[in-house]
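Working notes, beginning with the structure itself.
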Amino acid sequence: MKWAELSVLTTNEAVEAISNIFHEAGASGVVIEDSTEMEKERVDQFGEIYDLDPNDFPTSGVVVKAYLPASSFLVETVEELKLAITNLENFDINLGDNLFSITEVNEEDWATAWKQYYHPVKISERFTIVPTWEEYTPVNTDELIIELDPGMAFGTGTHPTTVMCLQALEKVVKQGDFVVDVGTGSGVLSIAAAMLGAKKVHALDLDPVAVKSAKENIEHNKVQQIAEVYQGNLLDTVTGQADVVVANILAEVIMTFTDDAFSIVKPGGVFVTSGIINAKKEDVKQALVESGFTIKEVLMMEDWVAIIALRP
Ligand SMILES: C[S@@+](CC[C@H](N)C(=O)[O-])C[C@H]1O[C@@H](n2cnc3c(N)ncnc32)[C@H](O)[C@@H]1O
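If you're matching positions, the sequence shown starts at 196 in the working numbering and goes up one per residue.
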């Protein structure tokens, strides 16, 4: 089968929104090639393996690639995608060069394309993320290992927003907690919450591809007795009050449901949000405070922010 590789040269800020647009159009996989990857200092004492080829990365900006079947609807789909991406500027998202290109590829090429960038990586004090197809020997006895195959869902666990959510969960999840994971993607945060001692985790995503991926990863990590996955919009599927709500979604989306999150979080409970580009930090903080939360901590990594907010 022939596939079309759609590629957009853009900015770090726009990666998540463009990936979402591609996913919603039915893209079977998104690959992110970030020019800064080549410059990052790599630490290897935790068993990570890095072997990057400069030819795989742009010289500046970020390239987001997606794969769609090369069907007769491709031309119309591409036009719609270009429009949807350009519309992101209306949300103050900087698209940079916004250069769009299309090439035809064979199935074997895209199915494994993203796997070359994905290796075991120590994410936080306790968590190491290991792709399901790699061997890994724990370095410490108290290391928590999340085995992941994100497939076509967002959430290799290595995106700065995911890393900060994992670090925040490590700080706030207590034994016996009820945790809600809004926009679970690959299920990575739900698995982490279960491993940290949560008694019950309600994972949900709008995207059926993510729901399937999260279910598979949750089973693979043997936490299916604790974490259940639902298909739904934001907090619509949640009943009862939670000790922790975590949401790694775009800032614009977070700001639409801070009031609902406030009523779902128990007094004394916590709302962890990320997916927030630095430029939107103050807007999200303001929305959280207006809904009644107090800001406990703001984490920052690269251009991204995560906020730990407390319901007094
Ligand atoms: C940035 S990914 C986060 C994935 C994972 N939680 C992580 O931290 O790596 C955001 C996820 O939110 C989902 N999403 C976007 N809008 C949503 C909505 N309105 N309701 C539920 N899920 C949504 C997307 O499908 C995507 O899987």
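Glycine included, every Cβ here is placed at the ideal spot set by N, Cα and C.
These figures come from a predicted structure and were not determined experimentally.
Enumerate in chain order the residues of its own chain whose CB-to-CB distance from I449 is below 8 angstroms, with the five nearest sequence positions on each side excluded.
Here residue 449 refers to the residue found at position 254 when the sequence shown is read from its first residue. Answer for I449: A442, T468, G470, I471, V479, A482, listed in chain order.
Less than 8 angstroms separating the beta-carbons of T298 and V257?
On the sequence shown, residue 298 is found 103 positions in, with the first residue counted as 1. On the sequence shown, residue 257 is found 62 positions in, with the first residue counted as 1. Taking 8 angstroms as the Cβ cut-off, T298 and V257 do not qualify as a contacting pair.
Which residue's Cα is closest to the Cα of A220: T272, A209, N416?
Here residue 220 refers to the residue found at position 25 when the sequence shown is read from its first residue. Minimum Cα distance to A220 is reached at T272.
Three-state class that DSSP yields for A442 in the structure shown:
Numbered from its first residue, the sequence shown carries residue 442 at position 247. In the three-state DSSP reduction, A442 falls in the strand class (E or B).
Quick check: does the Cβ of G378 come within less than 7 angstroms of any heavy atom belonging to ligand 1?
Taking the first residue of the sequence shown as position 1, residue 378 is located at position 183. G378: yes, Cβ under 7 angstroms from ligand 1.
What are the uninterrupted segments assigned as beta strand (DSSP E) that are 3 or more residues long and contained completely in the segment 403-436, given in chain order?
Complete beta strand (DSSP E) runs here, min 3: 422-426.
Check whether the Cβ atoms of A409 and V424 sit closer than 8 angstroms, and answer yes or no.
Locating residue 409 in the sequence shown gives position 214, where the first residue counts as 1. Locating residue 424 in the sequence shown gives position 229, where the first residue counts as 1. Taking 8 angstroms as the cut-off, the beta carbon of A409 is found closer than this to the beta carbon of V424.
Give a yes or no on whether the C-beta atoms belonging to A388 and V374 are separated by under 8 angstroms.
Here residue 388 refers to the residue found at position 193 when the sequence shown is read from its first residue. Here residue 374 refers to the residue found at position 179 when the sequence shown is read from its first residue. A distance below 8 angstroms separates the beta carbons of A388 and V374.
Please report the distance separating the alpha-carbon of A199 from that of P403.
Along the sequence shown, one-based indexing puts residue 199 at 4. Along the sequence shown, one-based indexing puts residue 403 at 208. Computed Cα separation, rounded: 22 angstroms.
What's the gap between the Cα of E485 and the Cα of E414?
Walking along the sequence shown from the start, residue 485 turns up at place 290. Walking along the sequence shown from the start, residue 414 turns up at place 219. When rounded, the distance between both Cα atoms is 38 angstroms.
Would you say the beta carbon of T189 comes nearer than 7 angstroms to a heavy atom of ligand 1?
With the chain covering only 196 through 507, there is no way to say anything about residue 189.
Per DSSP, K395 forms a beta bridge with which residues?
Reading the sequence shown from its first residue, position 200 is the one you call residue 395. Within the DSSP secondary-structure output, K395 pairs in a beta bridge with F373.
Beta-carbon separation of H314 and E329 under 8 angstroms?
As a position in the sequence shown, residue 314 is number 119, starting the count at 1. As a position in the sequence shown, residue 329 is number 134, starting the count at 1. Using a Cβ distance threshold of 8 angstroms, H314 and E329 count as a contacting pair.
What are the start and end residues of the beta strand (DSSP E) that includes P326?
Position 131 of the sequence shown, counted from the start, is the residue given in the question as residue 326. For P326, the enclosing beta strand (DSSP E) has its first and last residue at 322-326.
Since V377 and L343 are thought to touch, with beta carbons under 8 angstroms apart, how far apart are those beta carbons, to the nearest angstrom?
Stepping through the sequence shown from its first residue, residue 377 is reached at position 182. Stepping through the sequence shown from its first residue, residue 343 is reached at position 148. That pair is no contact at about 19 angstroms.
To the nearest angstrom, how far is the alpha carbon of P333 from that of A209?
As a first step, residue 333 must be located in the sequence shown, where it is residue number 138. As a first step, residue 209 must be located in the sequence shown, where it is residue number 14. In this structure, the CA atom of P333 is about 35 angstroms from the CA atom of A209.
What do you reckon, is the C-beta of V493 under 7 angstroms from a heavy atom of ligand 1?
Here residue 493 is taken as the residue at index 298 of the sequence shown, counted from 1. No, the Cβ of V493 stays beyond 7 angstroms of every heavy atom of ligand 1.
Assuming W499 and T356 form a contact by the criterion Cβ under 8 angstroms, report the distance between their Cβ atoms to the nearest whole angstrom.
Position 304 of the sequence shown, counting from 1, holds the residue named residue 499. Position 161 of the sequence shown, counting from 1, holds the residue named residue 356. Yes, W499 and T356 are in contact; Cβ-Cβ is about 5 angstroms, under 8 angstroms.
What do you reckon, is the C-beta of A405 under 7 angstroms from a heavy atom of ligand 1?
Translated into the one-based positions of the sequence shown, residue 405 becomes position 210. For A405, the distance from the CB to the nearest heavy atom of ligand 1 is below 7 angstroms.
Pull up the distance between the alpha-carbon of I444 and that of E275, whole angstroms please.
The residue labelled residue 444 in the question sits at position 249 within the sequence shown. The residue labelled residue 275 in the question sits at position 80 within the sequence shown. Rounded to whole angstroms, I444 and E275 show a C-alpha spacing of 23 angstroms.
Start and end residues, beta strand (DSSP E) containing F286:
Residue 286 sits at position 91 when you count from the first residue of the sequence shown. Taken as a continuous stretch (DSSP letters only), F286 belongs to no beta strand (DSSP E), as it is neither H nor E.
Please check the pair Q426 and K461, which I expect to be a contact at CB under 8 angstroms, by giving their CB distance rounded to whole angstroms.
Taking the sequence shown and counting its residues from 1, the one referred to as residue 426 is at position 231. Taking the sequence shown and counting its residues from 1, the one referred to as residue 461 is at position 266. With 8 angstroms as the limit, Q426 and K461 do not qualify as a contact, their Cβ atoms being about 25 angstroms apart.
Ligand 1 and I449: does the residue's C-beta get closer than 7 angstroms to at least one heavy atom of that ligand?
Here the question's residue 449 lines up with position 254 in the sequence shown. For I449, the Cβ stays outside the 7 angstroms cut-off from all heavy atoms of ligand 1.
Pop quiz: E365 and S296 are said to be a contact at Cβ under 8 angstroms. What is the actual Cβ separation, rounded to whole angstroms?
Within the sequence shown, the letter at position 170 stands for residue 365. Within the sequence shown, the letter at position 101 stands for residue 296. Incorrect: roughly 40 angstroms between the Cβ atoms, too far for contact.
When the Cα atoms are used, what is the spatial distance from M496 to M359?
Counting from one through the sequence shown, the residue named residue 496 turns up at place 301. Counting from one through the sequence shown, the residue named residue 359 turns up at place 164. Distance between the alpha carbons of M496 and M359 is about 8 angstroms.
Could you tell me if the beta carbon of N215 falls within a distance shorter than 7 angstroms of some heavy atom in ligand 1?
Reading the sequence shown from its first residue, position 20 is the one you call residue 215. Distances between the C-beta of N215 and the heavy atoms of ligand 1 include at least one below 7 angstroms.
Take L294 as the anchor and find which of E284, K277, N282, L283 has the nearest alpha-carbon.
In the sequence shown, residue 294 corresponds to position 99, counting from 1. It is K277 whose Cα lies nearest to the Cα of L294.
Tell me the rounded alpha-carbon separation between V325 and I341.
Counting from one through the sequence shown, the residue named residue 325 turns up at place 130. Counting from one through the sequence shown, the residue named residue 341 turns up at place 146. Those two C-alpha atoms are separated by around 6 angstroms.
Could you spell out where the alpha helix (DSSP H) holding S385 opens and where it closes?
Taking the sequence shown and counting its residues from 1, the one referred to as residue 385 is at position 190. S385 -> alpha helix (DSSP H) spans 383-390.
Enumerate in chain order the residues of its own chain whose CB-to-CB distance from I216 is below 7 angstroms, with the five nearest sequence positions on each side excluded.
Numbered from its first residue, the sequence shown carries residue 216 at position 21. In the same chain as I216, and ignoring 5 residues on each side of it, the C-beta atoms closer than 7 angstroms to its own belong to L276, A279, I280, in chain order.
So is the beta-carbon of D400 under 7 angstroms away from any non-hydrogen atom of ligand 1?
Position 205 of the sequence shown, counted from the first residue, corresponds to residue 400. Yes, the beta carbon of D400 sits closer than 7 angstroms to at least one heavy atom of ligand 1.
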